[in-house]
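When the count follows the UniProt record's numbering, it moves up by one through the first sequence with no breaks and lands on 877 for the last residue.
Where a beta carbon is used, it is the ideal one built from N, C-alpha and C, also for glycine.
Encoded as structure tokens, the structure appears first; notes follow it.
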Amino acid sequence: MVEVDFRSIESKWQERWEKENTFFTSNDSNKKKFFVLEMFPYPSATGLHMGHALNYIIGDIQARFRRMNGCNVLYPMGYDALGLPAENAAIKAKKHPSDYTNESINNFMIQQKALGLSYDWSKLVKTSDPEYYKWNQYFFLKFLEKGLVYRKKSAVNWCSKCNTVLANEQVHSGKCWRHEDTDVEIKHLEQWFIKTTNYAEELNEMIEGLDWPARIKAMQTNWIGKSFGTEINFTINEKVWPIFTTRPDTIFGVTFLVISAQHSKLFEIVTPEQKSSVEEFLKKLRSVSEKEMDAMDKEGVFTGAYAINPINGEKVPVYAGNFVVADYGSGMVMAVPTHDQRDFEFAKKYNIPLRVVICPEGKKLVAEEMTCAYTGEGVLVNSNEFSGQKNVEAMKKITEYLEKKGVGKKTINFKLRDWLVSRQRYWGTPIPIIYCEKCGIVPVPEKDLPIKLPYEVTFGEGNPLLSNKEFVNCKCPKCGTSARRETDTMDTFFDSSWYYLRYMDATNSEVPFVKETVKKWLPVDQYIGGAEHACMHLIYARFFTKALRDLGYLDFDEPFTKLFNQGMLHGADGNKMSKSLGNVINPLDVIEKYSTDSLRFNTVSLSAPNSDSVWSDNGMESSHKFLQKVYSVLSEIKIGSSTKIIESKINKTIKEYSFDIDNFKYNLGVIKLRSLIDAISQEQEISKNDLESVLKLFSPICPHFTEEIFHTRIKNSMISLEEWPKCDESKIDLHLEKIEEVISSLRVDIIKIKELAKIEKVKKVKIIVAPQWKWEAISVIRDACKEKPDFSVAMKALMSKEEYKKHGGEIQNFIKTTLSRLSDFSEIKPFNEVELFNEAKTVLESEFGSIEVVKAEDCNEPKAKNAFPTKPALIIE
RNA sequence: GCACGGGUUGGGGAGCGGUCAAACCCGCAGGGUUUAGGACCCUGUCGCUUAGUGCGUUCAACGGUUCAAAUCCGUUCCCGUGCACCA
Numbered sequence: 001m002v003e004v005d006f007r008s009i010e011s012k013w014q015e016r017w018e019k020e021n022t023f024f025t026s027n028d029s030n031k032k033k034f035f036v037l038e039m040f041p042y043p044s045a046t047g048l049h050m051g052h053a054l055n056y057i058i059g060d061i062q063a064r065f066r067r068m069n070g071c072n073v074l075y076p077m078g079y080d081a082l083g084l085p086a087e088n089a090a091i092k093a094k095k096h097p098s099d100y101t102n103e104s105i106n107n108f109m110i111q112q113k114a115l116g117l118s119y120d121w122s123k124l125v126k127t128s129d130p131e132y133y134k135w136n137q138y139f140f141l142k143f144l145e146k147g148l149v150y151r152k153k154s155a156v157n158w159c160s161k162c163n164t165v166l167a168n169e170q171v172h173s174g175k176c177w178r179h180e181d182t183d184v185e186i187k188h189l190e191q192w193f194i195k196t197t198n199y200a201e202e203l204n205e206m207i208e209g210l211d212w213p214a215r216i217k218a219m220q221t222n223w224i225g226k227s228f229g230t231e232i233n234f235t236i237n238e239k240v241w242p243i244f245t246t247r248p249d250t251i252f253g254v255t256f257l258v259i260s261a262q263h264s265k266l267f268e269i270v271t272p273e274q275k276s277s278v279e280e281f282l283k284k285l286r287s288v289s290e291k292e293m294d295a296m297d298k299e300g301v302f303t304g305a306y307a308i309n310p311i312n313g314e315k316v317p318v319y320a321g322n323f324v325v326a327d328y329g330s331g332m333v334m335a336v337p338t339h340d341q342r343d344f345e346f347a348k349k350y351n352i353p354l355r356v357v358i359c360p361e362g363k364k365l366v367a368e369e370m371t372c373a374y375t376g377e378g379v380l381v382n383s384n385e386f387s388g389q390k391n392v393e394a395m396k397k398i399t400e401y402l403e404k405k406g407v408g409k410k411t412i413n414f415k416l417r418d419w420l421v422s423r424q425r426y427w428g429t430p431i432p433i434i435y436c437e438k439c440g441i442v443p444v445p446e447k448d449l450p451i452k453l454p455y456e457v458t459f460g461e462g463n464p465l466l467s468n469k470e471f472v473n474c475k476c477p478k479c480g481t482s483a484r485r486e487t488d489t490m491d492t493f494f495d496s497s498w499y500y501l502r503y504m505d506a507t508n509s510e511v512p513f514v515k516e517t518v519k520k521w522l523p524v525d526q527y528i529g530g531a532e533h534a535c536m537h538l539i540y541a542r543f544f545t546k547a548l549r550d551l552g553y554l555d556f557d558e559p560f561t562k563l564f565n566q567g568m569l570h571g572a573d574g575n576k577m578s579k580s581l582g583n584v585i586n587p588l589d590v591i592e593k594y595s596t597d598s599l600r601f602n603t604v605s606l607s608a609p610n611s612d613s614v615w616s617d618n619g620m621e622s623s624h625k626f627l628q629k630v631y632s633v634l635s636e637i638k639i640g641s642s643t644k645i646i647e648s649k650i651n652k653t654i655k656e657y658s659f660d661i662d663n664f665k666y667n668l669g670v671i672k673l674r675s676l677i678d679a680i681s682q683e684q685e686i687s688k689n690d691l692e693s694v695l696k697l698f699s700p701i702c703p704h705f706t707e708e709i710f711h712t713r714i715k716n717s718m719i720s721l722e723e724w725p726k727c728d729e730s731k732i733d734l735h736l737e738k739i740e741e742v743i744s745s746l747r748v749d750i751i752k753i754k755e756l757a758k759i760e761k762v763k764k765v766k767i768i769v770a771p772q773w774k775w776e777a778i779s780v781i782r783d784a785c786k787e788k789p790d791f792s793v794a795m796k797a798l799m800s801k802e803e804y805k806k807h808g809g810e811i812q813n814f815i816k817t818t819l820s821r822l823s824d825f826s827e828i829k830p831f832n833e834v835e836l837f838n839e840a841k842t843v844l845e846s847e848f849g850s851i852e853v854v855k856a857e858d859c860n861e862p863k864a865k866n867a868f869p870t871k872p873a874l875i876i877e
């Protein structure tokens with residue numbers, strides 16, 4: 001076999017697609033729209049990695065498939081170009097972030113083009129483009145007008161040597177990443193927040209209707225974390241501090257309170273005597289990251305303050321603790337050590353007294369003897385007038401009591417927090433705000449947008465934007481006096497929350513998007529990306545859609561109708577691909593060595609696209625060899641007429657394969673293509689129409705070589721834009737396929753026996769067909785299955801309920817052993833058993849000579865008992 | 001710590017209540033072809049057994065539900081992912 005030069009074929013077609021604008025998508029078309037979107041990448045100088053390639057290949061196959069199925073497909077690409085990693089990488093490479101990012105993007109584009117992806121490049125979006133981030137600023141101002149934006153103090157990681165805020169990932173075990181000797185401090189800064197919690201209820205409710213993977217939906221539900229509970233007013237130093245709890249029934253067991261160590265108002269309650277020990281404790285905090293916090297031991301320190309429990313007037317100590325989340329609820333919890341495990345451990349550690357308030361029914365708990373908290377249900381004790389009540393009822397009663405006394409209320413609480421969008425960094429969208437001594441906080445007027453990032457800044461210490469005086473110093477738009485510009489930039493999740501609205505009109509400088517066009521294309525029909533975005537990006541984007549809807553920009557509720565999560569691709573050793581492990585596979589290297597089509601084919605062969613898979617060099621080799629075979633078979637086979645059997649197989653494949661691709665079961669589709677090619681390679685000739693169909697089936701996965709053969713052998717048009725083959729059900733002949741199967745298995749058996757028994761020349765072959773009763777059993781089961789395809793229902797139909805209850809297992813066993821090759825018999829309609837073997841006999845006689853078909857009943861040979869329907873006993877002389 | 005996934009026969013990976021000793025790919029073994037290697041084609045690949053075949057034991061571990069469990073439920077162990085300033 002001659003090696004095919006896939007590489008030159010590929011570059012030829014990639015060039016033609018680009019030159020002829022093959023994949024340009026018109027916003028005006030009568031065809032059904034279909035918007036396929038992959039989560040846009042964060043470009044970096046290291047280029048595409050295998051995870052990207054997998055993501056795009058999955059999406060491209062879907063886009064090509066839909067396009068061929070008559071849809072007007074929108075399939076664009078963009079770059080999430082602003083953000084911390086680019087800024088850091090640029091500094092490291094001694095380049096300006098803007099230049100660095102442009103290089104990265106260009107590099108990405110070249111590599112994506114090499115993958116043969118059918119993007120409409122005319123709709124490219126880059127978030128680093130001022131014409132893009134201008135609209136970030138615009139939306140920020142709209143949100144501000146609408147009251148969705150506010151300022152609040154919040155904790156950040158601070159390095160005193162860098163004189164700057166650190167991201168969680170820049171904190172390594174409590175130290176600054178650049179200064180191993182410098183402890184990270186927790187500072188509180190005034191920052192900008194978006195009220196995502198305004199939409200918590202809707203975000204939560206609408207999860208149900210999304211056609212998303214169940215696990216992503218579960219993760220979002222938990223992230224939003226709706227819970228019902230009671231807000232109870234504790235008094236500290238005459239000031240009321242509302243505290244949220246889901247367990248008001250335990251209120252009489254409260255023996256202390258814990259305030260988050262990151263609480264911005266912590267020092268309002270710390271007494272002068274305790275100030276130094278609290279400060280000492282705060283130094284131990286390693287970062288503001290919750291992950292880090294939880295990894296630490298549960299620790300705390302007494303604040304010196306006492307809180308008054310409103311239900312009984314008791315004074316309990318207030319501790320500062322590292323395990324309470326500052327932004328959840330009120331940043332403070334009431335602690336009941338006897339009935340909450342974390343509180344229990346904390347109380348034991350600091351010798352805080354315990355008081356049992358719930359006992360399991362009929363049992364008595366003694367605080368001193370407890371080794372862990374009791375969190376189950378029970379009856380209240382030590383709870384004044386509530387003692388004796390069941391705790392579930394007491395929850396309600398106690399809440400009502402508190403409400404009546406005006407010291408508490410029933411509330412719904414969400415884990416979801418407001419979105420902190422301020423970043424004290426350079427490479428982001430400047431927040432369009434001006435601080436004026438006279439007028440205070442002044443929004444930048446719309447006409448002054450965009451506030452561009454100044455090119456001239458100094459990196460090193462502090463926020464780089466502060467180093468450009470021209471940027472910082474400005475005039476107040478209200479009163480015209482000197483003012484200071486906001487130097488915080490926006491979280492890049494802001495950029496990625498609405499980019500999917502920009503594609504159809506990516507260069508419009510008048511509006512962020514044209515409402516009518518968006519209405520035509522949105523929501524996204526198929527969104528594709530990794531599960532790591534389950535909670536953050538996908539929630540922010542959903543929030544944005546709803547907020548823009550309420551501002552009158554959109555008229556739909558959810559941005560992404562369907563979501564597909566691709567799995568992770570691991571290195572050949574089963575580990576995550578990483579440079580340090582040396583198991584990284586670079587898609588470009590693979591293309592170089594084999595070809596794009598081979599890479600694409602192999603990538604989808606590995607496993608179901610939604611589950612993790614492991615790279616294999618041998619597998620890659622095998623895919624490549626297979627495509628070589630496909631190429632030679634399809635380009636060399638004579639065009640003439642197809643046999644019935646191959647027609648049947650092709651049409652069956654069209655049917656099943658289309659289903660697989662439609663449902664992202666690419667790995668299963670690939671198996672069907674393999675077996676189809678095996679079958680075709682046995683044929684002498686094939687009809688032009690069938691050849692065309694087969695090429696089209698390969699086209700979404702292997703767009704290049706199919707284009708080549710299509711042009712040379714079928715017609716001079718783009719296969720990528722051709723119509724998907726239709727399955728002709730009437731050509732599917734399972735009976736014929738079954739006979740072929742029977743013949744080939746008989747042939748193998750005969751040859752095998754001939755060799756093993758050392759029979760030189762076959763005189764006679766006796767095919768002993770299964771006894772009549774086995775056939776009858778088959779037809780009974782088959783008929784039952786035909787009416788009721790559910791096998792268990794069919795079985796129930798065969799016997800009474802009692803019989804079934806008793807003997808179902810035996811019947812099953814009978815079917816298994818006696819009718820073991822029943823399988824697809826139920827699908828064969830006009831089926832005559834005797835005919836089957838007579839047909840087989842006719843074919844095999846030309847090979848082996850005299851063959852006789854004998855019914856088991858007419859045969860006293862003991863081996864006849866082994867005769868099975870479709871797998872008969874054989875006697876060879 | 002909390003949340004969400006997952007553990008299948010040498011490796012990868014389908015299957016997710018009965019058609020399951022479990023698709024397919026790789027690896028390995030035997031045969032064919034070839035000057036040899038490679039490539040290609042065929043066959044085998046849990047154990048025992050048979051000329052064809054049949055039987056036994058399996059799907060992380062242990063328990064449970066069911067006439068029937070790799071598949072459903074519970075517990076345990078192990079692995080992966082996310083946790084709000086990485087995107």
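Original post:
Are T230 and L115 touching if we call contact CB-CB under 8 Å?
Top reply: Position 230 of the first sequence holds residue 230. Position 115 of the first sequence holds residue 115. It is not a contact, given that the beta carbons lie outside the stated cut-off.
Subject >> Among L124, P43, F108 and V604, nearest to A89 - alpha-carbon criterion >> reply: For the purposes of this step, residue 89 is identified with residue 89 of the first sequence, where counting begins at 1. Residue P43 holds the alpha-carbon nearest to the alpha-carbon of A89 among L124, P43, F108 and V604.
Original post:
With respect to the beta strand (DSSP E) encompassing G229, which residues constitute its N-terminal and C-terminal limits?
Top reply: In the first sequence, counting from the first residue as 1, residue 229 sits at position 229. Per DSSP, G229 belongs to the beta strand (DSSP E) from K226 to I236.
Subject >> Alpha-carbon spacing of R821 relative to S605, whole angstroms >> reply: Working through the first sequence from its first residue, we reach residue 821 at position 821. Working through the first sequence from its first residue, we reach residue 605 at position 605. Note that R821 scores 37 on pLDDT, short of 50, meaning its location in the model is unreliable; the coordinates nonetheless yield the value given after this. Pairing R821 with S605, the inter-Cα distance amounts to about 28 Å.
Subject >> Every unbroken alpha helix (DSSP H) within the stretch 4-84, with a cutoff of 4 residues, ordered by chain >> reply: If only complete runs of 4 or more residues are kept, the stretch 4-84 shows the alpha helix (DSSP H) at 6-19 and 50-68, in order along the chain.
Original post:
Whose C-beta lies closer than 6 Å to the C-beta of E732 among residues of the same chain, with five residues either side of it excluded?
Top reply: As a first step, residue 732 is located in the first sequence; it is residue number 732 there, counting from the start. According to the sequence displayed, residue 732 carries Ile and not Glu. Result list for I732: S648, N651 and K652, in chain order.
**OP:** Confirm, please, whether the CB-CB distance from R355 to T245 is below 8 Å.
**Re:** Within the first sequence, the letter at position 245 stands for residue 245. Within the first sequence, the letter at position 355 stands for residue 355. Contact annotation: T245 and R355 have beta-carbon atoms that are not nearer than 8 Å.
Subject >> Strand pairing of G302, partner residues [DSSP] >> reply: Start at 1 with the first residue of the first sequence, and residue 302 comes out as number 302. Looking at the sequence provided, one finds Phe at residue 302 rather than Gly. Its beta-bridge partners are Y319.
Original post:
Can you pull the DSSP bridge partners for W241?
Top reply: The sequence position of residue 241 within the first sequence is 241, counting from 1. Per DSSP, F234.
Subject >> Sequence-distant residues of its chain with Cβ nearer than 8 Å to I714 (five each side left out) >> reply: Position 714 of the first sequence, counted from the first residue, corresponds to residue 714. Excluding sequence neighbours, I714 sits near K688, L691, E692 and L695.
**OP:** Ignoring anything shorter than 4 residues or poking outside the stretch 575-616, list the alpha helix (DSSP H) runs there in chain order.
**Re:** Runs found: 587-593 and 596-605.
Original post:
Whole-angstrom Cβ separation of Y503 and K415, contact assumed at under 8 Å?
Top reply: Your numbering for residue 503 matches position 503 in the first sequence. Your numbering for residue 415 matches position 415 in the first sequence. Incorrect: roughly 33 Å between the Cβ atoms, too far for contact.
**OP:** Less than 8 Å between the CB atoms is what I'm expecting for F193 and K152, so what's the real figure, rounded?
**Re:** Here the question's residue 193 lines up with position 193 in the first sequence. Here the question's residue 152 lines up with position 152 in the first sequence. Going by Cβ atoms, the distance from F193 to K152 rounds to 5 Å, so yes, they are a contact pair.
**OP:** Assign K763 to one of three DSSP states: helix, strand, or coil.
**Re:** What you label residue 763 is simply residue 763 of the first sequence in a count that begins at 1. Three-state result, K763: coil.
Original post:
What three-state label does DSSP hand A572 in the structure shown?
Top reply: For this step, residue 572 is matched to residue 572 along the first sequence. In the structure shown, A572 sits in coil (DSSP, three-state: anything other than H, G, I, E or B).
Subject >> Rounded straight-line distance, which links the Cα of F564 to that of G331 >> reply: By one-based count along the first sequence, residue 331 stands at place 331. By one-based count along the first sequence, residue 564 stands at place 564. For G331 and F564, the gap between their C-alpha atoms comes out near 36 Å.
**OP:** Just the C-alpha distance for I645 and V4, rounded to the nearest angstrom, thanks.
**Re:** Residue 645 sits at position 645 when you count from the first residue of the first sequence. Residue 4 sits at position 4 when you count from the first residue of the first sequence. Looking at the two C-alpha atoms, the distance is approximately 29 Å.
**OP:** Find out if the Cβ-Cβ distance for the pair W223, I539 is shorter than 8 Å.
**Re:** In the first sequence, residue 223 corresponds to position 223, counting from 1. In the first sequence, residue 539 corresponds to position 539, counting from 1. I539 sits close to W223, with the two beta carbons spaced by under 8 Å.
**OP:** Identify the continuous alpha helix (DSSP H) that holds residue 904 and give its terminal residues.
**Re:** The question about residue 904 has no answer here: the residues shown for the chain are numbered 1 through 877.
Original post:
Can you name, in chain order, every residue of its own chain whose Cβ lies under 6 Å from the Cβ of V854, other than the five neighbours on each side?
Top reply: Here residue 854 is taken as the residue at index 854 of the first sequence, counted from 1. Cβ within range, chain order: K766 and I768.
**OP:** With a 10 Å radius around its C-beta and 16 neighbouring C-beta atoms as the bar for buried, classify V670 as buried or exposed.
**Re:** As a working note, residue 670 is residue 670 in the first sequence. So V670 counts as buried.
Subject >> Residues near S227 by beta carbon distance below 8 Å, same chain, minus five either side >> reply: In the first sequence, residue 227 corresponds to position 227, counting from 1. Correct list, in chain order: T246, I412, N413, F414 and K415.
Subject >> Contacts around M77, its chain only, beta-carbon distance under 6 Å, and the 5 residues preceding and following it disregarded >> reply: Here the question's residue 77 lines up with position 77 in the first sequence. Once the five neighbours on either side are set aside, the close Cβ partners of M77 are Y119.
Subject >> Residue environment, D297, which counts as buried when at least 16 other CB atoms sit within 10 Å >> reply: In the first sequence, the residue the question calls residue 297 occupies position 297. Label assigned to D297: exposed.
Subject >> D491 beta carbon less than 8 Å from that of T196 >> reply: Stepping through the first sequence from its first residue, residue 196 is reached at position 196. Stepping through the first sequence from its first residue, residue 491 is reached at position 491. Taking 8 Å as the cut-off, the beta carbon of T196 is found no closer than this to the beta carbon of D491.
Original post:
Nearest-angstrom Cα distance between S122 and E280?
Top reply: For the purposes of this step, residue 122 is taken as the residue at position 122 of the first sequence. For the purposes of this step, residue 280 is taken as the residue at position 280 of the first sequence. In this structure, the alpha-carbon of S122 lies about 58 Å from that of E280.
Subject >> Coil, strand or helix - V444 by DSSP >> reply: In the first sequence, counting from the first residue as 1, residue 444 sits at position 444. It is coil, neither helix nor strand.
Original post:
Around the Cβ of R64, are there at least 16 other Cβ atoms within 10 angstroms (buried) or fewer (exposed)?
Top reply: Taking the first sequence and counting its residues from 1, one reaches residue 64 at position 64. Buried is the call here.
Subject >> Nearest-angstrom beta carbon gap, I398 and I251 [assumed within contact, 8 Å] >> reply: If you number the first sequence from 1, residue 251 lands on position 251. If you number the first sequence from 1, residue 398 lands on position 398. Rounded, the Cβ-Cβ distance is 6 Å, consistent with contact.
Subject >> Cβ shell of H96 (< 8 Å), same chain only, five flanking positions each side left out >> reply: As a working note, residue 96 is residue 96 in the first sequence. Correct list, in chain order: A90 and Y455.
Subject >> Nonlocal neighbours in the same chain, by C-beta distance under 8 Å from T517, ignoring five residues either side >> reply: In the first sequence, residue 517 corresponds to position 517, counting from 1. Closer than 8 Å at the Cβ level, and outside the excluded window around T517, lie N27, M504 and D505.
Original post:
Which class does K855 belong to by DSSP, given the choice of helix, strand or coil?
Top reply: As a position in the first sequence, residue 855 is number 855, starting the count at 1. DSSP places K855 in strand when its eight states are reduced to three.
Original post:
Buried or exposed: which applies to Q772, given that a residue is buried once 16 or more other Cβ atoms fall within 10 Å of its Cβ?
Top reply: Stepping through the first sequence from its first residue, residue 772 is reached at position 772. With fewer than 16 other Cβ atoms within 10 Å, it is exposed.
Original post:
Can you pull the DSSP bridge partners for W419?
Top reply: Reading the first sequence from its first residue, position 419 is the one you call residue 419. As a beta-bridge residue in DSSP terms, W419 pairs with I194.
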